[in-house]
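Numbering (the numbering used here), first residue to last: 2 to 199.
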Ligand SMILES: [Zn+2]
């Protein structure tokens, strides 16, 4: 479990993993601990994520916390004020300026905590996440349970095939899979595409 370092300087933490891995729960846990410590906290998320609630970061087990939906990462610098801790959920959906924004915040002694998908449904690094992972002082990779075999899952498998990288959905559209079950599923989808082209 992540234990907060007790230093006054700023830094970046990233919580990553597949869908259904508990990323947002872990973000909320850290934010709540910062609140208990009487720190000034702000949470942002991309405007695109409107699955459950416009103003809240909501995890799949319905813990929620107030958040500010924003269209671009530069808004974070505008709105940061004197926040000591800044949480950013669904970081993968932000623009590629997000790492630069996080660096600026950390240099201003802000503790930045991001949660996001490390890979998209094709198993490729997602948006600004690889850069954020490289820059962060602390990285926590959380794992889901493979919905096919019960193993440890690091991949998000999209059950309905199309090319859209950003498609909001839940268990109707996605499931967590281990490497083996993900590759098996992708092979079946590739076969289906070949059949469709005939
Ligand atoms: Zn599996």
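Think of the CB as a built atom: it goes at the ideal place given N, C-alpha and C, for glycine as much as any other residue. As the structure is a prediction and not an experimental result, all values here were calculated from the model.
### Message
Give me, in chain order, the residues of the same chain whose beta-carbon lies closer than 8 Å to that of residue 179; leave out the 5 immediate sequence neighbours on both sides.
### Response
The beta carbon of residue 179 is closer than 8 Å to those of 147, 149, 150, 152, 153, 154, 155, 156 in its chain, skipping five residues each way along the sequence.
### Query
Is it the case that the CB of residue 150 approaches a heavy atom of ligand 1 more closely than 7 Å?
For residue 150, the distance from the CB to the nearest heavy atom of ligand 1 is below 7 Å.
### Message
Here's the rule I'm using: 16 or more other beta-carbon atoms within 10 Å means buried, otherwise exposed. How should residue 2 be labelled?
### Response
Looking at its Cβ environment, which holds fewer than 16 other Cβ atoms inside 10 Å, residue 2 is exposed.
### Message
Pop quiz: residue 124 and residue 93 are said to be a contact at Cβ under 8 Å. What is the actual Cβ separation, rounded to whole angstroms?
### Response
The Cβ separation is near 13 Å, so there is no contact.
### Query
residue 182 bridges to which residues according to DSSP?
According to DSSP, which records beta bridges pairwise, residue 182 is partnered with nothing at all.
### Task
For the stretch 6-16 and the stretch 110-118, state whether three or more C-beta atom pairs, one from each stretch, are separated by less than 8 Å.
A contact exists between the stretch 6-16 and the stretch 110-118.
### Top-ranked residue by Cα proximity to residue 22, from 107, 35, 110, 176
The residue with the shortest Cα to Cα distance from residue 22 is 176.
### Task
Verify the contact flag: residue 157, CB atom, against every heavy atom of ligand 1, threshold strictly below 7 Å.
In this structure, residue 157 has its beta carbon at no less than 7 Å from each heavy atom of ligand 1.
### Query
Using the rule of at least 16 other Cβ atoms within 10 Å of the residue's Cβ for burial, across every protein chain shown, is residue 80 buried or exposed?
Counting Cβ neighbours within 10 Å, residue 80 comes out exposed, since fewer than 16 surround it.
### Inter-residue Cα distance where the pair is residue 36 and residue 68
Their Cα atoms are separated by approximately 14 Å.
### Message
By alpha-carbon positions, which one of 98, 126, 90, 107 ends up nearest to residue 83?
### Response
The option with the nearest alpha carbon to residue 83 is 107.
### Query
Can you find a heavy atom of ligand 1 that lies under 7 Å from the Cβ of residue 178?
Yes, the beta carbon of residue 178 sits closer than 7 Å to at least one heavy atom of ligand 1.
### Message
The alpha helix (DSSP H) that contains residue 30, what's its start and end?
### Response
Residue 30: member of the alpha helix (DSSP H) spanning 24-37, first to last residue.
### Rounded C-alpha distance that separates residue 182 from residue 189
If I take the Cα positions, the gap works out to 11 Å.
### Message
Please report the distance separating the alpha-carbon of residue 160 from that of residue 198.
### Response
The alpha-carbon of residue 160 is positioned some 19 Å away from that of residue 198.
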